[in-house]
Every structure is written in structure tokens, then in C-alpha cells.
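In what follows, a structure is listed as C-alpha cells, so that the remarks can point back to it.
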Amino acid sequence: MNKTIRHTAVICLLLVLALLVRATWVQAYEARALADDKHNRRNVMARYAQPLGDIIVAGSPVTGSRKTASGDLAYARTYTDGPLYAPVTGYSSQAYDSTQLEGIYSGVLDGTDSRLKSPLDAIMGERTAPGDVLTTIDPAVQEAGYRALGGKKGAAVAIDPVTGRVLAVVSTPSYDPTEISGTTDGDAWKRLTEDAEKPMVNRALRQPLPPGSTFKLVVAAAALEDGLYGSVDERTDSPDPYTLPTTTTVLRNENTAAPCENATIRTALAYSCNTVFAKMADDLGQDKVRAMAEKFGFDDATQEMPVRASESVYPSGMDRAQTALTGIGQFDVTATPLQMAMVSAALAHDGLLAAPHMVSKVVDASGDTIQSYPDGDTRRIVSSSTAEQLRSAMVTVVEDGTGTNARIDGAEVGGKTGTAQHGVDNVNTPYAWFTSYAKDSSTGKEVAVAVVVEDSGAARSEVSGNGLAAPIAQKMMTAALQ
């Protein structure tokens, strides 16, 4: 054999060895990554090769699957009352992946979750029948909130204070996930994602906003727990008007005729006295207010139910004037409706906060539970005495104060209104808030609700928590107590 042939043979052998090494590497070390790659078309084909499992509300599916007319994706996702339940389900799209419950439980819903497989399925590598996700949502409460918000831009959350079960997650304007479930829905996707009203944003869980005067409940809780004041009926040290510390800026109350000077916490909540709670926050100091806010759930970037909620924030590194402004839910304080519902829920439940969750269990095709979420997983936020006193003051807000539109005949209802500044120097329409709870002693039913209305189209002078948000909360609470 001549030298040239030998060299060629060696090179060919090396190339074959390189190919063998590469093939072995891909099969042994990269196979899983390649199989799981989101760009792998086979995964999408497998996911939609059969009908998906369903997301269940009160025993009935709010999702479904339809046979497609052609192509290699046999089924597409459908939604019953899509805009109503979109903040709960999210979407499952052949082109744009999946979100929220659809995304979190995608393996269960498409049958690939290992918990669904029998030992024989696991050995044979067979795809199993998909499972279902059972939610805690109450359709009556969900619909009451959605209908009441109507054409307004806003959101609402309802929670059972004792169990932590989330009864409603409402966000408007909304969208129909069916519109983007296929592969030819580019126009719908573009329209939704470019819409200035942001219908695909889950405002109930994912859009923290200044909570305004609803945050005064947190400040009041801090003052009572710290011993700054012994009860909600003890007079405070609160000048009216109040000059923010170390500044010449004068803070006044919206209602200049309100009896806010040295008012009790009860009176200050009923009339929503800014001067009282700004001074109270400064007296406590930012560290004590933050500690109480964090007990309620602020500054928690890991809040899941099981959908991850955006972090509600109590800021740090403030001067005294800025700390005072946080006492009225302004400066850089932000909260989601979920967070403010948690505040009312903890006060309603004797100072105990039950972990909020909107999935009760996940089941296989036979209905057997493969994962469950416990009710009543609680932690203490404030003492029983503090919770009782603040409930009493919240009832005064509804009976005789700024929250009268939340009254429900035959039920104990407590709440707190809020109107939060929006934009530099409050040039935009303010946000209208209401957080509340209701109890029916005859049935034992209770509920906590928080509502924010970002924009109702009303004139600026007509924007108030009682005028816009409280009626929505009232309808949701009424539905929950029935």
C-alpha cells in the first residue's frame, strides 16, 4: 500500500471515529436537552396528538380540545367562557407555548407527567391518558366580579379567609385564549400583544400598583402590635394639617371637614385621614412598618398559588418624609389585588393568614389524586386582639364611613377604601381601591375581597374607592355568601 492511500485511510478512519464519538455524545448526553428543546417540533406534535386534559371549575371543565382540519397537530385547545377564566387558565397555544395553569401543569394535561404512568407504561415508554387540574374557583363569584367590572380596566381577587381557597381571579379587559390556540393565529396574537389596554396582563396577580389608603390597615396593625396605641379607640397624636418631617410640604385630608385632628384609629379609618396615618408611619419608623407589611406578604418574590404572583413592595432606604407618605400607601409602595385581599383575609380570620391557593388537587385520568394543596395552611400575622379591633374599625368604615356601598343586608361587612395617585404629580386618573371581608353568621360562610379599578372612564372628581371599587366587592361578597 502506498503512502497516499495509507494517509487517506487514516483520515477516513479518524472521521468515522469522530462521527461515532459525536453520535455517542448526542445520544448519551444531549438527548434529553434536545428532546426538551422548545424548538423541537416533535414535542409540539406529541402534545397535541390527543385531546388535552382539562382545567376544572366547580366540577365542570372550562377547557376542551377540538380536532383540527389538517396538519401534523391533531388537536387544538378550546376554552369555555374564555375571557371570564383567562386569568385562571392562561393559554395553551400550538405556536406561543402556554402560561399559568396551562403552563404549570402542562405535563399533567398532555399526559407526559411521570406521576401519571403505571409501572408498565414507564417500562414500555407509553404515553398515558392526561390528567385534570381541579381549581378552587367559585364560578358565581368569578362571574360576579367579571360582570361588575364590565368595561372598566381593573382586577379583583376573592379568598376564603379560613381555608385560603381563592374563589375568584378577575382581570379586565380580558381576552379569549381560543383565539391564539392554533398555529395560524398570528393576527390575533399581534392584536392582543400590541393592544394598549394590555388584555393579556393578569392584573389581579401580575400588576402591582400603589394601594393608596387600603395600606392604612397595615400601618394601623403595626401601631397596635407595637403598642404605639393601645386600641383603635385611643386618640392619636395627629395634627391636621400635617407637615411632612424635615420638609415644608403640608399634607392635608381629602375631606377638609373630617374630624382628623388627633382622631382615633377607628375614626381615621372611617374618614380615611391621611394626616393620621402619615404621622403614624413616621412615629413607627420604616423598619416597623416594613416588618408588618412583610408579615402580610409584601416583599415576597416567591408568592405562588401555584401561579407566581408579582412581588408587592414596601420600599427601603427612605427619609422620614418618604416614610410618612408610605403610611397612606403612596411613595414607592405597590401591591397586587391578591396582596390586599390577603390583608383583609388575615384580619377576618382572627389574625391568621391561610396560604392562598387556586388549585385544590391534580388528578389522573381515573380521578385519583396525584397532588393536593391543603386548606388552612396558616401562619399568625397579628394577635387575635389586633385583628378583632381592626375588624371592628373596618365595619365602622362600611356602616358609617367611606365604604357604605359595600353593605350587605344580614351580613357583617368590613372594608377600607383607597384612592391612589397615578402619575407624576397625580396628573393621571387615580386608582380606586377597596379591600374588605364579609361574614354570614347564619351559614358560617365568609370571604375576603380586594378590587382595584385602574380606569373606569369616569371624571377625575368622580373616582373613589367607595364609588367605583366597593360596589364590585359587594357583588362578589354577596355571591360568595349565597
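Residue numbers (the working numbering): 745 to 1226. Even glycine gets a Cβ: it sits at the ideal position worked out from N, Cα and C.
Alpha carbon to alpha carbon, how far is residue i from residue j?
i            : j            : result
residue 838  : residue 973  : 58 Å
residue 756  : residue 764  : 12 Å
residue 831  : residue 945  : 8 Å
residue 1225 : residue 1214 : 16 Å
residue 1132 : residue 847  : 40 Å
residue 860  : residue 873  : 8 Å
residue 827  : residue 1096 : 33 Å
residue 1013 : residue 829  : 34 Å
residue 1127 : residue 927  : 54 Å
residue 871  : residue 854  : 9 Å
residue 1026 : residue 1071 : 8 Å
residue 1048 : residue 955  : 20 Å
residue 1080 : residue 845  : 19 Å
residue 982  : residue 975  : 15 Å
residue 753  : residue 767  : 21 Å
residue 986  : residue 805  : 55 Å
residue 842  : residue 857  : 16 Å
residue 1010 : residue 1055 : 29 Å
residue 778  : residue 1030 : Because residue 778 carries a pLDDT of 44, less than 50, the predicted location of this residue cannot be relied on, and the following value inherits that uncertainty. Straight-line Cα distance between these residues: approximately 50 Å.
residue 925  : residue 1187 : 42 Å
residue 886  : residue 1114 : 26 Å
residue 1193 : residue 811  : 39 Å
residue 1137 : residue 1015 : 11 Å
residue 1220 : residue 1157 : 12 Å
residue 930  : residue 818  : 19 Å
residue 1002 : residue 1144 : 13 Å
residue 748  : residue 789  : 50 Å
residue 971  : residue 1028 : 10 Å
residue 883  : residue 1089 : 20 Å
Measure the beta-carbon distance from residue i to residue j and round it to whole angstroms, keeping in mind my assumption that it falls under 8 Å.
i            : j            : result
residue 915  : residue 948  : 5 Å
residue 1209 : residue 1163 : 6 Å
residue 1083 : residue 1075 : At roughly 17 Å, the Cβ-Cβ gap does not stay under 8 Å, so residue 1083 and residue 1075 are not in contact.
residue 833  : residue 1120 : Not a contact, Cβ separation roughly 25 Å.
residue 1043 : residue 1033 : Not quite, the Cβ-Cβ distance comes to about 12 Å (not below 8 Å), so this is no contact.
residue 877  : residue 1207 : The Cβ separation is near 38 Å, so there is no contact.
residue 1179 : residue 1087 : 6 Å
residue 893  : residue 919  : About 14 Å separates the two Cβ atoms, so there is no contact after all.
residue 791  : residue 807  : Incorrect: roughly 14 Å between the Cβ atoms, too far for contact.
residue 1175 : residue 1195 : That pair is no contact at about 11 Å.
residue 980  : residue 1008 : 7 Å
residue 797  : residue 875  : 5 Å
residue 1191 : residue 904  : 6 Å
residue 1153 : residue 1173 : Going by Cβ atoms, the distance from residue 1153 to residue 1173 rounds to 32 Å, so no, they are not a contact pair.
Based on Cα-Cα distance, which residue from the options lies nearest to residue i?
i            : options                : result
residue 910  : 881, 1149, 923, 762    : 881
residue 1181 : 1129, 1109, 1118, 1094 : 1094
residue 999  : 1019, 1050, 993        : 1019
residue 1184 : 1213, 1161, 1222, 883  : 1222
residue 984  : 802, 996, 821, 813     : 996
residue 977  : 1046, 842, 1160, 1134  : 1134
residue 1125 : 1002, 1153, 1028, 961  : 961
residue 994  : 1068, 933, 952         : 1068
residue 1078 : 1005, 1090, 950        : 950
residue 1039 : 1024, 1123, 752        : 1123
residue 800  : 990, 921, 1147, 879    : 879
residue 967  : 1129, 1176, 821        : 1129
residue 1216 : 1155, 1189, 1147, 1173 : 1147
residue 794  : 1198, 816, 1118        : 816
residue 989  : 1022, 1177, 1212       : 1022
residue 1099 : 1061, 1041, 1045       : 1041
residue 1212 : 971, 875, 897          : 897
residue 1092 : 1201, 902, 1111        : 902
residue 941  : 917, 1218, 751, 1189   : 917
residue 912  : 923, 890, 922          : 890
Please check if any C-beta of chain C sits within less than 8 Å of the C-beta of residue i.
i           : result
residue 813 : Reference to chain C is not applicable here, since this structure consists of a single protein chain.
Indicate, with yes or no, if the ligand FMN has a heavy atom lying under 7 Å from the CB of residue i.
i            : result
residue 1113 : Ligands in the displayed structure: none, and consequently the ligand FMN is not present.
- request: Please specify which runs of the alpha helix (DSSP H), each continuous and at least 4 residues long, are wholly inside the region 1023-1056, giving them in chain order.
  value: For the region 1023-1056, whole alpha helix (DSSP H) runs of length 4 or above, ordered along the chain, are 1030-1040.
Runs of alpha helix (DSSP H) wholly within the region 921-987 (minimum 4 residues, chain order): Fully enclosed alpha helix (DSSP H) runs of 4 or longer: 930-938, 947-950, 960-970.
field: Sequence ranges, alpha helix (DSSP H) only - wholly within the region 998-1026, length at least 4
entry: DSSP runs (the alpha helix (DSSP H)) wholly in the region 998-1026: 1009-1015.
- prompt: Of all the alpha helix (DSSP H) runs that stay within the bounds of the region 1055-1119, which reach a length of 4 or more residues?
  reply: Taking only runs of at least 4 residues, the alpha helix (DSSP H) segments lying wholly in the region 1055-1119 are 1064-1070, 1081-1092.
Uninterrupted alpha helix (DSSP H) stretches inside the region 1138-1225 (no shorter than 4 residues): Restricting attention to alpha helix (DSSP H) runs no shorter than 4 residues, the region 1138-1225 encloses them at 1214-1225, ordered along the chain.
task: Taking only runs that begin and end inside the region 794-880, name each unbroken alpha helix (DSSP H) of 4 or more residues, in chain order.
output: Here the runs fully enclosed are 826-833, 844-848, 850-854, 863-868.
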